[in-house]
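Trainee: Can you keep this structure in mind? I'll have questions shortly.
There are 2 protein chains.
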Amino acid sequence: MVYTSGYPIFSVTVDVVCLTVRDGELQVLLVERGGEPFEGELAFPGGFVGVNEDLEDAARRELLEETNVDAPPFLEQLKTYGQPDRDPRGRTVSVAYLAVAPDMGDARGGSDAAAADWYAVADFLRPRRPRSLAFDHHEILRDAVRRTRGRLEYSPLATTFCRPEFTIADLRGVYEAIWGVRLDPANFHRKVTKAEGFLVETGRTSEGGPGRPAQLYRRGRAERIYPPLNLEQSV
Amino acid sequence: MVYTSGYPIFSVTVDVVCLTVRDGELQVLLVERGGEPFEGELAFPGGFVGVNEDLEDAARRELLEETNVDAPPFLEQLKTYGQPDRDPRGRTVSVAYLAVAPDMGDARGGSDAAAADWYAVADFLRPRRPRSLAFDHHEILRDAVRRTRGRLEYSPLATTFCRPEFTIADLRGVYEAIWGVRLDPANFHRKVTKAEGFLVETGRTSEGGPGRPAQLYRRGRAERIYPPLNLEQSV
DNA sequence: GGAATAGTGTCTCTGAGACAGTATAGT
DNA sequence: ACTATACTGTCTCAGAGACACTATTCC
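As structure tokens, then:
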């Protein structure tokens, strides 16, 4: 291969897939694009990485600038997308990040955050006439959801969808929304409370709802839950 | 942020962590660097991505060019490394790939492949005075091994370490080498033969070794093995 | 009391692990 | 025969799932 001046030149961007569970369903944070290409279409918050900026810092910055979501409890690199024709402006490689946040009510903007909002993931991934996204963000969303679904089995990721203190029912709601299944409340309760390091009791109880008040828990220190929760269906 | 001319300029490279099991231990394919920076040190095969080249194609090309390893049965993106100071030549982002190949004997070179060889992974990851690698390749190797160890539990990845036809003992050897544990041959045999779609019988048997000849198997179509094999220790 | 949700008890079945026992090869 | 490895049988124990039952709140 021959290049006129040294090595091929790339632009590097980050895109952040920020997920939450609201109204009992998995939702994703999207912005309406304000400029070309894909003007007016929905896309993940993201943008170009600075010359001296770390990738993860760039992801955090773009999430804050474009959506006003600050310091999600979970942020990790998802995958890098670099098809030569993925951006009409030129050769661009995008490092996608997966972020998870608890239900924080409406995404209301600072500055450019005006057009940021939460959308039901299912609308983009349904097999019949899925809603469209800019760039290759449809593929990225699929990968993000697949990883999230898998992670729930053997990591405490589900707790990062909950507020700092949550009930077992809250946690079960996260699993049910993301896996799209119904779980037996009794067995789920026993299982998660017995998985060592997964949850820690606060002593406090919930209030307000109908029925008996529930114990409030905080997430534990375990990085891995054992034995795992099993989702038999293929992920 | 302000840039004098458009967007920040990056170089994009790929690095391939190619793993195999030889002599009962996990080994990795490395090349001795022929030029600056890190001249003479060990590094993963890799290099710059072409202007119109897909990332995975670049990984495959570099692996072939530098080590003569063609078409590993497993190649998937691992993670992207982009610390601003990771390459003294300038701002470079490297997309790391994880490849798995069966034991193919010595890595003998074509062209630049002269210096390519297999090395015991343990030497680089031991806590006391680990052997050094160029760039941030030590971190990349750690991530590659962690993912591999985890994948063995619930995916058929272990079969890609074996030749197309293999015995249950071969497969067990892969788990034992990578997990660093001893597995009960009887229980392992029952477990993997009962996991649906994991293995398919060929009808043929092995020959040559001491003891009763073993059935030869080929890898099945399953993308996921259920129930998973469990590694209790933290990964 | 009735409705609703939280949480416990208990039974059954499956699978993991320990390990004895059988099968089939080389020497 | 002896050894080595492949494979099967069997026992025990832990955990998943089904579901009955108790506990505690609001109405």
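Here the protein sequences line up with chains A and B, keeping their order.
Position one of the first sequence corresponds to residue 1 (UniProt numbering), numbered consecutively onward.
Position one of the second sequence corresponds to residue 1 (UniProt numbering), numbered consecutively onward.
Backbone N, C-alpha and C define an ideal beta-carbon position, used for all residues, glycine too.
1) Take A58(A) and list the residues in its own chain whose beta-carbon comes closer than 6 Å to its own, dropping the five residues that flank it on each side.
2) With 8 Å as the C-beta to C-beta threshold (strictly closer), list the residues of the region 79 to 91 of chain A near chain B in chain order.
3) At a Cβ threshold of 8 Å, is K77(A) touching chain B?
4) For I9(B), go through chain A and note every residue whose CB falls closer than 7 Å to its CB, in chain order.
5) CB-CB under 6 Å to A115(A), same chain, minus the five flanking residues each way: which ones, in chain order?
6) Buried or exposed, going by whether 16 or more other CB atoms sit within 10 Å of the CB of D70(A)?
7) Report the neighbours of D54(A) on chain B: residues whose CB is nearer than 9 Å to its CB, in chain order.
8) If you measure beta-carbon to beta-carbon, which residues of the region 54 to 74 of chain B are closer than 8 Å to chain A?
9) Who are the Cβ neighbours of C162(B) in its own chain at under 7 Å, not counting the five residues just before and after it?
10) Quick one: Cα of P185(A) to Cα of T167(A), how far?
11) Exposed or buried, P45(B), counting other C-beta atoms within 10 Å across all chains shown (16 or more means buried)?
12) Whether or not the region 124 to 134 of chain A and the region 193 to 213 of chain A are in contact is what I'm after, with contact meaning three or more pairs of Cβ atoms, one per stretch, closer than 8 Å; do they touch?
13) Could you confirm whether any beta carbon from chain A is found closer than 8 Å to the beta carbon of residue 262(B)?
14) Step through the CB atoms of chain B and report whether any lies within less than 8 Å of the CB of V174(A).
15) What in chain A is Cβ-close to V100(B), meaning under 9 Å?
16) Count the other CB atoms, across all protein chains shown, that sit within 10 Å of the CB of V181(B); report buried if there are 16 or more and exposed otherwise.
17) If you drop the 5 nearest sequence neighbours on each side, which residues of the same chain put their C-beta closer than 8 Å to that of L157(B)?
18) Starting from the Cα of M104(A), find the closest Cα among P210(A), L19(A), Q215(A) and P228(A) and give me that residue.
19) Rounded to a whole number of angstroms, what is the C-alpha to C-alpha distance between V121(A) and L63(A)?
20) Just to confirm my understanding: we take F38(B), look at its own chain, exclude 5 residues before and 5 after, and list those with CB closer than 7 Å. What are they?
21) P72(B): buried (16+ other C-beta within 10 angstroms of its C-beta) or exposed?
22) Quick check: what's the CA-CA separation for E56(B) versus I140(A)?
23) Tell me which residues share the same chain as V192(B) and place their Cβ nearer than 7 Å to its Cβ, disregarding the 5 neighbours each side in the sequence.
24) Please tell me whether V145(B) has its Cβ less than 8 Å away from any Cβ of chain A.
25) Taking buried to mean at least 16 other C-beta atoms within 10 Å of its own C-beta, is R91(A) buried or exposed?
26) How would you list, in chain order, the residues of chain A whose beta-carbon sits under 9 Å from the beta-carbon of V93(B)?
27) With the cut-off set at 8 Å, would you say A144(A) and V21(A) are in Cβ contact?
28) I need the DSSP call for E76(B), collapsed to helix, strand or coil.
29) For my contact list, V12(B) and Y97(B) are in at a C-beta cut-off of 8 Å; report their separation, rounded to the angstrom.
30) Is the separation between the beta-carbon of V95(B) and that of G82(A) shorter than 8 Å?
31) Under the three-state reduction of DSSP, which class applies to R131(B): helix, strand or coil?
32) Going along the chain, which residues of its own chain have a beta-carbon closer than 7 Å to the beta-carbon of R131(A), five neighbours each way excluded?
33) Thinking C-alpha only, which one of S155(A), A43(A) and E66(A) is nearest R221(A)?
34) With a cut-off of 8 Å on the beta carbons, I'd call D54(A) and P8(B) a contact; round off their distance for me.
35) So for T4(A), helix, strand or coil by DSSP?
Mentor: For this structure:
1) Looking up residue 58(A) in the first sequence gives position 58. Excluding sequence neighbours, A58(A) sits near V14 and V49.
2) K79, T80, G82, Q83, P84 and R91
3) Within the first sequence, the letter at position 77 stands for residue 77(A). Correcting the residue type first, residue 77(A) is Gln in the shown sequence and not Lys. Yes, Q77(A) lies at the interface with chain B (some Cβ there is under 8 Å from its Cβ).
4) Numbered from its first residue, the second sequence carries residue 9(B) at position 9. By Cβ distance, chain A contributes I9.
5) In the first sequence, residue 115(A) corresponds to position 115, counting from 1. Excluding positions up to five away in sequence, the list reads V31 and E32.
6) Looking up residue 70(A) in the first sequence gives position 70. Burial call: exposed.
7) For the purposes of this step, residue 54(A) is identified with residue 54 of the first sequence, where counting begins at 1. In chain order: G82, Q83 and P84.
8) D54 and L55
9) Along the second sequence, one-based indexing puts residue 162(B) at 162. Cβ within range, chain order: P102, D170, L171 and V174.
10) The count along the first sequence starts at 1 and reaches residue 185(A) at position 185. The count along the first sequence starts at 1 and reaches residue 167(A) at position 167. Answer to the nearest angstrom: the Cα atoms are 12 Å apart.
11) Residue numbering aside, residue 45(B) sits at position 45 when the second sequence is read from its first letter. Result: buried.
12) no
13) What is shown of chain B runs 1 to 235, which leaves residue 262(B) out entirely.
14) For the purposes of this step, residue 174(A) is taken as residue 174 along the first sequence, with counting starting at 1. No, no contact with chain B.
15) As a first step, residue 100(B) must be located in the second sequence, where it is residue number 100. By Cβ distance, chain A contributes nothing, its closest Cβ being about 18 Å from V100(B), past 9 Å.
16) Numbered from its first residue, the second sequence carries residue 181(B) at position 181. Result: exposed.
17) As a first step, residue 157(B) is located in the second sequence; it is residue number 157 there, counting from the start. Excluding positions up to five away in sequence, the list reads F74, V100, T148 and R151.
18) Within the first sequence, the letter at position 104 stands for residue 104(A). Checked all of P210(A), L19(A), Q215(A) and P228(A); the closest Cα to M104(A) is L19(A).
19) Within the first sequence, numbered from 1, the residue matching residue 121(A) stands at position 121. Within the first sequence, numbered from 1, the residue matching residue 63(A) stands at position 63. Each residue's alpha carbon lies about 18 Å from the other.
20) Numbered from 1 along the second sequence, position 38 holds the residue referred to as residue 38(B). Hits under 7 Å: A134 and F135.
21) For the purposes of this step, residue 72(B) is taken as residue 72 along the second sequence, with counting starting at 1. With 16 or more Cβ atoms within 10 Å of its Cβ, P72(B) is classed as buried.
22) Here residue 56(B) corresponds to residue number 56 of the second sequence, with the count starting at 1. Here residue 140(A) corresponds to residue number 140 of the first sequence, with the count starting at 1. C-alpha separation (whole angstroms): 16 Å.
23) The residue given as residue 192(B) occupies position 192 in the second sequence. Result list for V192(B): I168, L171, F198 and L199, in chain order.
24) In the second sequence, counting from the first residue as 1, residue 145(B) sits at position 145. No, V145(B) does not count as interfacial toward chain A.
25) Within the first sequence, numbered from 1, the residue matching residue 91(A) stands at position 91. Under this definition R91(A) is a buried residue.
26) Here residue 93(B) is taken as the residue at index 93 of the second sequence, counted from 1. Within 9 Å Cβ-Cβ: F10, V12, V49, L55, T80, V93 and V95.
27) Counting from one through the first sequence, the residue named residue 144(A) turns up at place 144. Counting from one through the first sequence, the residue named residue 21(A) turns up at place 21. No, they are not a contact pair.
28) Residue numbering aside, residue 76(B) sits at position 76 when the second sequence is read from its first letter. Strand.
29) Taking the first residue of the second sequence as position 1, residue 12(B) is located at position 12. Taking the first residue of the second sequence as position 1, residue 97(B) is located at position 97. Rounded, the Cβ-Cβ distance is 13 Å, inconsistent with contact.
30) Here residue 95(B) corresponds to residue number 95 of the second sequence, with the count starting at 1. Here residue 82(A) corresponds to residue number 82 of the first sequence, with the count starting at 1. In contact: V95(B) and G82(A) (Cβ atoms closer than 8 Å).
31) Taking the first residue of the second sequence as 1, we reach residue 131(B) at position 131. Residue state, collapsed to three classes: coil.
32) Taking the first sequence and counting its residues from 1, one reaches residue 131(A) at position 131. Correct list, in chain order: D123 and F124.
33) Residue mapping note: residue 221(A) aligns to position 221 of the first sequence, counting from 1. Checking every option, the nearest Cα to that of R221(A) belongs to S155(A).
34) As a position in the first sequence, residue 54(A) is number 54, starting the count at 1. As a position in the second sequence, residue 8(B) is number 8, starting the count at 1. About 13 Å separates the two Cβ atoms, so there is no contact after all.
35) Translated into the one-based positions of the first sequence, residue 4(A) becomes position 4. In this prediction, T4(A) has a pLDDT of 43, which is less than 50 and means its spatial position is unreliable; what the coordinates show is noted afterwards. Here T4(A) sits in coil by DSSP.
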